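Residue numbers (my numbering), protein chains in the order written: chain X, 1 to 503; chain Z, 1 to 267.
All residues carry an ideal CB built from backbone N, CA and C; glycine is no exception.
Keep in mind that this is a model prediction, so the values were computed, not measured.
Comments concern the structure below.
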Amino acid sequence: MKEPIIIELRNVSKVFGDMTAVDDINLAIKKGEFVTLLGPSGCGKSTTLRMIAGFDMPTQGQIFLNGEDITNLPPYQRPVNTVFQRYALFPYLDVYDNIAFGLKLKKIKEKVIDRHGQEVEVTRKLTQEEIDDKVTKALKMVDLEEFEWRDIATLSGGQQQRVAIARAIVNEPEILLLDEPLGALDLKMRQEMQLELKDMHKKLGITFIYVTHDQEEALTMSDTIVVMKDGMIQQIGSPVDVYNEPKNAFVADFIGESNIYNATYLGDKKVRFLGQVFTCVDDFEKNEKVDVVIRPEDIRLCPASEGMVVGKIISKIFKGVHYEYTMMVGKNEVIIQDTRDIPEMDKIGITIAPDMIHIMKKVITENIYLGHIDKNNNVCFANGVFEADITQLQQDSRVDEDGYLVDAKGLKYDLTDVDVQVSIDFNAIGIIDNEEDGEVAGEIVSIIYKGDHYKVIVRTSDEEDFVVDTEYSWNEHDRVSVYIAKKDIRLKLKGDIKDHVKA
Amino acid sequence: MSKLSFRFSRKYLAIPYAVFLLCFIIVPLLLIIYYAFTNGGGEFSLNNLNKFFTDPTKLNVLFVSLLIGFMNTAICLIIGYPLAYFLASKRYNINKIMVLLFIMPMWINFVLRTGATRDLLVWIGLGGGHYPILATMIGMAYNYLPFVILPLYTTMLKMDQSLIEAASDLGATPKQVFFKTVVPLSSPGIVSAATMVFMPTMSSYVISDVLSEGQIILFGNSIYLNFSQGQWNDGSFMAFVLLVIILVSMLFTKNVKKDEDARGSIW
């Protein structure tokens, strides 16, 4: 049965100052669904929720509730209620009055027969008995009977959370918004509450919109997961879909553990990664660069002679139900979950079934690599060592004579072996005919004429690609090398620079 | 024989304060109580008590003082509360200069300020000669307004915005949010502000003396008058009455603020 859409966000954006928190999102949520907005902190999930609640007004776009535009409606006129992250219970009221807060303000419409015998509609407040009745029911729902007269300050975190939930559901909202409601609870309590919330959703039958950064929570509870990043929706789907068929490398990485590799689609359901050719089930364009995602539990360990790929196990951790093995294949790490206890061997093989290889399109707007900074403040990526300006990692900084980065306040940073994301524009890479003259050698695998320039792809022996915009024509299969000017290498730290302050 | 040695321990740091406490707080307090319950000859007597509660002039002073104290507290709160609310909202008060402007009168010399107020009131025709109560009230409110704004402003700054959002989420209109959430949340500030205005108003004497041109006699004036005329016992008993009123008002406000200890209010 198809449920009608209860709330719809159309081209909604929210800008704070010069920061875009939510970037042109479209989202339709069906009545009765349990929807989770999932993403890392700062991805815009809370802002999206706050716009649905009415605390923040969208900078652009519209929000529809049951087909009616509610974009400019204040929170108190919206039939939605929120469970806040840190409960937001009124400290000056006891449990009963906290829960009854909304009921006491509520006005209901009622049809009565007036003294002329005609039916008229009147608005009235709820009577004390009605309020009592509803509060008692809500308390029962959250398992807090006989807590009515307790002071908020005397309740534990979990109990306060329950009061907050009761306070929201007692108003019988059409949508219940939950903003990381279990964030402050310990693990055991959290798991218990997850199941209870799921149960409550079933009993109440109303729409739940749940915000969390915890992928496990999202997978456990939701009917639909909305994965967000940088204010944009990455994927909308059921937990099974999002887990098994992630749309891009970010979703794959964020939801569950995964092995993600650069790969090349060779055509005819063949894909190459980890230096081998695998059979897969997806169809892509021949020679297209793709991301391959394989879940650790989908890889099987086997004797080296039977393996599709052979590598060396470098670590083995017991995780309760299974062992987690880390294997090195060349320079790539492969994480494998296997219930069998296999001795650590130098040579062991793995097999991957064709339908376990998830291939995702790569959208490239610039060359992006993962690299690290070496002790000479050069950047190593894509098999090469490049000179780069590391002062861009911190404002107003310089490099001192010992090679440490010093910022305006005189703080020293030791960036040796720190991981960075390297990005380079297509037109900032130069190609040289000779394999030895540039920084990294490779083979030209594709050349496409784009009107006024050629888009050339230089591929290294490690399946790393350099996409180059150039005005010169090259031939496919030419062996060349590439060079990049120091100023064109843009670096972004993976993590916080404060972690690298030199003591 | 063992040598006398001095071992420094942390408790010795309290000595200067203990001396101060003894000389300037405990001894004077005891002196007040001593004078309040003795006669001129130094013998115990309840004469002062009888005199105070049978003298209509003195009871009148007490009544007027209480009245002006209440009125001033009310006026200061009525003016100061919305002002503090406005100042604490980040939308209107970005760099806190406004707060400074409103508490600046505190920095100007008190005698000068009061003298100027009197001249100004006389100049616009509201001088104490014709309107003693009005002039006194204007001067009082002017002087004590900063003491109301500051504690209220601090409480409101610390107010949890998510509670206000929660109220609005539960269906409260902006007006209901104000009365059902903002006011209860700021009640510790209100109590602080009221205590900081009420008692000092009752015992102040320069403001009422200067502005009413000697027509309104408050408790403070009366005590001063008694002492300057050599009636130490009567003056001390009046000071004792004031002390009792303070204690009673403290007991009264303690209940309201029972969970506000952490906020570090001055009482």
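Residue interval of the beta strand (DSSP E) (run including residue i)
i, result
"M106 (chain Z)", "Here M106 (chain Z) belongs to no beta strand (DSSP E), and DSSP marks it neither H nor E."
"V170 (chain X)", "Premise fails: V170 (chain X) is in no beta strand (DSSP E) and is neither H nor E."
"H201 (chain X)", "It is not in any beta strand (DSSP E) - H201 (chain X) instead sits in the alpha helix (DSSP H) that spans L187 to L204."
"A263 (chain X)", "N259 to G267"
"R272 (chain X)", "K270 to F273"
"D469 (chain X)", "D465 to T470"
DSSP three-state assignment for residue i, whether helix, strand or coil
i, result
"K312 (chain X)", "strand"
"H213 (chain X)", "coil"
"F16 (chain X)", "strand"
"K58 (chain Z)", "helix"
"Y483 (chain X)", "strand"
"K111 (chain X)", "strand"
"V290 (chain X)", "strand"
"H453 (chain X)", "coil"
"G442 (chain X)", "strand"
"L301 (chain X)", "strand"
"A14 (chain Z)", "helix"
"D282 (chain X)", "coil"
"T48 (chain X)", "helix"
"R490 (chain X)", "strand"
"M98 (chain Z)", "helix"
"M328 (chain X)", "strand"
"G115 (chain Z)", "helix"
"S265 (chain Z)", "Reliability fails at S265 (chain Z), whose pLDDT of 41 lies under 50, so the model's placement of it is uncertain and no value is given."
Proximity test, residue i beta-carbon vs the ligand SAM heavy atom, cut-off 7 angstroms
i, result
"R167 (chain X)", "As for the ligand SAM, it is missing from this structure, which has no ligand bound."
Test item: CB-CB of residue i and residue j under 8 angstroms
i, j, result
"I357 (chain X)", "L301 (chain X)", "no"
"R511 (chain X)", "D94 (chain X)", "A query on residue 511 (chain X) cannot be resolved here, the shown segment of chain X reaching from 1 to 503 and no further."
"K175 (chain Z)", "A167 (chain Z)", "no"
"I52 (chain X)", "K30 (chain X)", "no"
"G442 (chain X)", "V480 (chain X)", "yes"
"I317 (chain X)", "M327 (chain X)", "no"
"L150 (chain Z)", "I103 (chain Z)", "yes"
"N98 (chain X)", "L89 (chain X)", "yes"
"I336 (chain X)", "I299 (chain X)", "yes"
"T391 (chain X)", "V385 (chain X)", "no"
"Y243 (chain X)", "V35 (chain X)", "no"
"A428 (chain X)", "I484 (chain X)", "yes"
"F208 (chain X)", "K229 (chain X)", "no"
"I260 (chain X)", "D268 (chain X)", "no"
"V80 (chain X)", "L177 (chain X)", "yes"
"Q507 (chain X)", "M193 (chain X)", "Coverage of chain X is limited to positions 1 through 503, which leaves residue 507 (chain X) absent and any answer about it impossible."
"K58 (chain Z)", "S222 (chain Z)", "yes"
"V379 (chain X)", "L491 (chain X)", "yes"
"E471 (chain X)", "D425 (chain X)", "no"
"V170 (chain X)", "G102 (chain X)", "yes"
Contacts around residue i, its chain only, beta-carbon distance under 8 angstroms, and the 5 residues preceding and following it disregarded
i, result
"K487 (chain X)", "D389"
"R10 (chain X)", "N26, G61, Q62, I63 and F64"
"G264 (chain Z)", "Summary for G264 (chain Z): the model assigns pLDDT 41, below 50, so the residue's position carries little reliability; its value from the coordinates is reported in the next sentence. Around G264 (chain Z): no qualifying Cβ."
"L62 (chain Z)", "F219 and V241"
"A14 (chain Z)", "none"
"P105 (chain Z)", "R113, Y142, N143, L145 and P146"
"L126 (chain Z)", "L134, A135 and I138"
"F84 (chain X)", "A164, D179 and P181"
7 angstroms Cβ shell around residue i - same chain, five flanking residues per side excluded
i, result
"K14 (chain X)", "A21, V22, T47, M51, D56, P58 and T59"
"A262 (chain Z)", "Confidence is the limiting factor: at A262 (chain Z) the pLDDT is only 40, short of 50, which leaves the residue's position unreliable, though a coordinate-based value still follows. Taken in chain order, the list of residues that qualify is empty."
"D234 (chain Z)", "N48, K51 and N226"
"D259 (chain Z)", "Confidence at D259 (chain Z) is low in this model, with a pLDDT of 46, below 50, so its placement is unreliable and the value that follows should be read with caution. Excluding positions up to five away in sequence, the list is empty."
"L370 (chain X)", "F381, D419 and Q421"
8 angstroms Cβ cut-off: residues of chain B touching residue i
i, result
"T155 (chain Z)", "Within the model displayed, chain B is absent; protein chains X and Z are what it includes."
Same chain, Cβ closer than 6 angstroms to residue i, neighbours up to 5 away in sequence not counted
i, result
"T73 (chain Z)", "A194, V197 and F198"
"D465 (chain X)", "K289, I457 and R459"
"R295 (chain X)", "S258"
"L157 (chain Z)", "A88"
Residue range of the unbroken alpha helix (DSSP H) whose run includes residue i
i, result
"L103 (chain X)", "V95 to L105"
"G139 (chain Z)", "P132 to L157"
"F254 (chain X)", "A249 to F254"
Beta strand (DSSP E) runs contained entirely in the stretch 373-439 of chain X, provided each spans 3 or more residues: 378-381, 384-387, 419-424 and 429-432
Could you give the uninterrupted runs of the beta strand (DSSP E) lying entirely in the stretch 114-139 of chain X, keeping only those of 3 residues or more? Entirely contained in the stretch 114-139 of chain X, the beta strand (DSSP E) runs reaching 3 residues are, in chain order, 119-125.
In chain order, which continuous runs of the alpha helix (DSSP H) of length 4 or greater are located wholly inside the stretch 165-228 of chain Z? 174-177, 187-203, 206-211 and 219-228
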